[in-house]
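Visitor:
Protein chains in written order, with this note's numbering: chain A, 1 to 241; chain B, 242 to 343; chain C, 344 to 684.
In structure tokens:
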């Protein structure tokens, strides 16, 4: 058995284990770790297949950008209350497993019985080395034969960016304003931002002329000294009496 | 099977694709389903690279590159949808997100 | 595969790793001494001559400390995350050329571990995977402050990595290669502008890219004034709040190794690496890298920390458009062949 086959199976084994981890793990963060493991091993397999540029792109785009984004959203969305902690659907799991195993058996049989072989192309190791490595060769093909598709990909990415901004935008105008105010006043990650409910402002009777409306819904109260409004402490938690 | 050929790549690709498919069919968390879709896209790339390597072609690598670009676009839009969904329905459970059916 | 070559590059890598670990320990000493000078203090000077044994004492102290795991931590991830950060940090140095090929005992010894033809992208890929150490550590601590620190840090690192990558495109256009050795070879040529004869260092032809790279590199390594992930005053030290003992030191040391690797990279990409006025060699690289390391400390002593929205605004609204402008200009110059570039 050639050394490259051994290396291939080793990498393939780890990447399949990572993929199984994605499906089995209950915590989505653990799933993401399994996915990264799988992707990194697949990148190494690309190296075995002499596709250096794609291996690096795989690491940068998949492992470095897409999965980081997924982890990011996972952390923002419900870190405690996850659906799988309330149990799985046994019927669905059984159906999925049976279908999966049947399909796997079928596809494996088809691959092993594969008789059709394509005609070899011009890019052997020598010709790739002659134009200056995998990256140069890929660039030459990409920017001659595939000029239109790559321009279209650029348009697609732009459309996706705009779509994501539209989707992630808060829906109601008031909510959008609240977000803008939060961004402009306190740093993004302040533990007690302005999104907390406004504590009821207790004002001394008969002194309403000192309360002036200000932009953003929170009134400005003019006071001569800090002790004038003892109902609302300057520091510490607000407790309604 | 003692020499490395596209068959090896195809077997790995099939295994990864089917694991991803089983994940999509069985999991309840939208985010995990999303990861499984990424896994399936990646599995397709493996077979493309395998063919490119066996046949001394670069077209397979170019296709894989496009798949990666499209997967990135899909990730951005998909995660945007998940964010919007959780803001509206406050859950990531696929079984509870059934407004379109009712 | 040629076994002899594999063995040689393995040995070179082994030596490099050990040198890097030693340097990293003394980087902490260097930073504390220089920072003390800049702040009109003395700095550590009791342990050994000039306090030179201080890093060793610190190391022993950190190793002897208790390794605490919080009760509601995600245990396995918590234990592994710092190792991930630490293990990925020195890998970037593997593609940096430290000199011409040596001939020892009849064997060619290239003074770099791996001459891969996608070296620049490889370094960027390492940076993007290095985020996981931070984000997983912050998540696994089971602590709000750590989680927020991790989220901040991830957003910051992703944004600035974009700038870092795009700032290098100008250099790649001019050199026409992704291999650091080719980039270095390009820079060893001379540039003649009228009466002046200058080295073809890319800091001269790509000053904007150099400035962008420097800013992005400081942000990428989470150093002041971009050290928001570990802002003591707001986040109680951010993603590594819950870490103690040698796991804490792993995060700490990974940061220093990253600084050294980025300094070496900046020296190689923009300042001609081992190229010098007289007697080319690894000492020139060391000198240039030392300047960048001093620059790091200098920045920390001089500038206050950015606010979070300022930080993100700077990356997306200022640095990114400038990087794109630089690419467009470089492309046009390259297309029309203006000057002797």
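Even glycine gets a Cβ: it sits at the ideal position worked out from N, Cα and C.
Tell me residue 541 of chain C's beta-bridge partners as DSSP assigns them.
Guide: In the DSSP output, where bridge partners are listed per residue, residue 541 of chain C has C:534.
Visitor: Can you find a CB in chain C that lies within less than 8 Å of the CB of residue 162 of chain A?
Guide: Not one chain C Cβ lies under 8 Å of residue 162 of chain A.
Visitor: Do you know whose CA, among C:591, C:651 and C:585, lies nearest residue 482 of chain C's CA?
Guide: The candidate whose alpha carbon is nearest that of residue 482 of chain C is C:585.
Visitor: Quick one, which residues of the stretch 30-49 of chain A are near chain B if we go by CB-CB under 8 Å, in chain order?
Guide: So the close ones are 31, 32, 35, 38, 39, 42, 45, 46, 48 and 49.
Visitor: Assuming the contact rule is C-beta atoms closer than 8 Å, residue 480 of chain C and residue 583 of chain C should be a hit. Round their C-beta distance to whole Å, please.
Guide: Confirmed, about 6 Å.
Visitor: Opposite residue 270 of chain B in the DSSP bridges: which residues?
Guide: Its beta-bridge partners are B:334.
Visitor: Quick one: measure Cβ to Cβ for residue 290 of chain B and residue 129 of chain A, integer angstroms, because I've assumed they're closer than 8 Å.
Guide: Not quite, the Cβ-Cβ distance comes to about 19 Å (not below 8 Å), so this is no contact.
Visitor: Count the other CB atoms, across all protein chains shown, that sit within 10 Å of the CB of residue 267 of chain B; report buried if there are 16 or more and exposed otherwise.
Guide: Buried, by the Cβ-count rule.
Visitor: Mark residue 147 of chain A as exposed unless 16 or more other C-beta atoms lie within 10 angstroms of its C-beta, in which case mark it buried.
Guide: When all chains shown are included, residue 147 of chain A counts as exposed.
Visitor: When the Cα atoms are used, what is the spatial distance from residue 377 of chain C to residue 539 of chain C?
Guide: If I take the Cα positions, the gap works out to 36 Å.
Visitor: Would you report the Cα separation of residue 519 of chain C and residue 361 of chain C, rounded to the nearest angstrom?
Guide: About 33 Å.
Visitor: Closer than 8 Å, CB to CB, is residue 460 of chain C near chain A or not?
Guide: Yes, its Cβ sits closer than 8 Å to a Cβ of chain A.
Visitor: Run through chain A and tell me which residues come within less than 7 Å of residue 472 of chain C, C-beta to C-beta.
Guide: Chain A residues near residue 472 of chain C: 59, 63 and 64.
Visitor: Taking one C-beta from the stretch 69-76 of chain A and one from the stretch 143-160 of chain A each time, how about it: are there three or more such pairs within less than 8 Å?
Guide: No, the stretch 69-76 of chain A does not touch the stretch 143-160 of chain A.
Visitor: Can you tell me whether residue 674 of chain C is buried or exposed? The criterion is at least 16 other CB atoms within 10 Å of its CB, across all chains shown.
Guide: Result: exposed.
Visitor: Would you call residue 98 of chain A buried or exposed, if buried means 16 or more other Cβ atoms sit within 10 Å of its Cβ?
Guide: That one is exposed.
Visitor: Residue 501 of chain C versus chain A: which residues are under 9 Å apart at the beta carbon?
Guide: Those are 64, 65, 68, 69 and 72, listed as they occur along chain A.
Visitor: Determine which residues of the stretch 483-501 of chain C have a Cβ less than 7 Å from any Cβ of chain A, and write them out in chain order.
Guide: Taking 7 Å as the Cβ-Cβ cut-off against chain A, the residues of the stretch 483-501 of chain C that qualify are 487, 490, 491, 494, 495, 497 and 501.
Visitor: Which one of A:47, A:21, A:45 and A:27 has the shortest CA to CA distance from residue 35 of chain A?
Guide: The residue with the shortest Cα to Cα distance from residue 35 of chain A is A:21.
Visitor: Comparing C-alpha positions only, which one of A:45, A:101 and A:145 sits nearest to residue 258 of chain B?
Guide: Measuring from the Cα of residue 258 of chain B, the nearest candidate turns out to be A:101.
Visitor: Could you work out which residues of chain A lie near residue 468 of chain C, taking near to mean beta carbons separated by less than 7 Å?
Guide: Neighbours of residue 468 of chain C on chain A, chain order: 56, 59, 60 and 64.
Visitor: Starting from residue 15 of chain A, find everything on chain B with Cβ-Cβ shorter than 8 Å and list it in chain order.
Guide: The answer, in chain order, is 253 and 257.
Visitor: Does residue 375 of chain C come out as helix, strand or coil in the three-state DSSP assignment?
Guide: In the structure shown, residue 375 of chain C sits in a helix (DSSP, three-state: H, G or I).
Visitor: Since residue 167 of chain A and residue 324 of chain B are thought to touch, with beta carbons under 8 Å apart, how far apart are those beta carbons, to the nearest angstrom?
Guide: Sure, about 7 Å apart at Cβ, within 8 Å.
Visitor: What number of angstroms, rounded off, separates the C-alpha of residue 96 of chain A from the C-alpha of residue 296 of chain B?
Guide: Straight-line Cα distance between these residues: approximately 35 Å.
Visitor: Just to confirm, are residue 503 of chain C and residue 613 of chain C a CB contact at a threshold of 8 Å?
Guide: Cβ atoms of residue 503 of chain C and residue 613 of chain C: not closer than 8 Å.
Visitor: Would residue 559 of chain C pass as a contact of residue 506 of chain C if the rule is Cβ separation under 8 Å?
Guide: In this structure, residue 506 of chain C lies closer than 8 Å to residue 559 of chain C by Cβ.
Visitor: Cβ closer than 7 Å: which chain B residues qualify as neighbours of residue 96 of chain A?
Guide: Ordered by position in chain B, the residues that pass the 7 Å Cβ test against residue 96 of chain A are 263, 266 and 267.
Visitor: Please list, in chain order, all residues of the same chain as residue 10 of chain A whose beta carbon is under 6 Å from its beta carbon, the five residues on each side excluded.
Guide: Answer for residue 10 of chain A: no residue qualifies.
Visitor: Closest to residue 64 of chain A by C-alpha separation, out of C:352, C:420, C:509 and C:469, would be which residue?
Guide: Answer by Cα proximity: C:469.
Visitor: Sort C:478, C:513 and C:486 by Cα distance to residue 496 of chain C and report the nearest one.
Guide: For the residues C:478, C:513 and C:486, the minimum Cα distance to residue 496 of chain C belongs to C:478.
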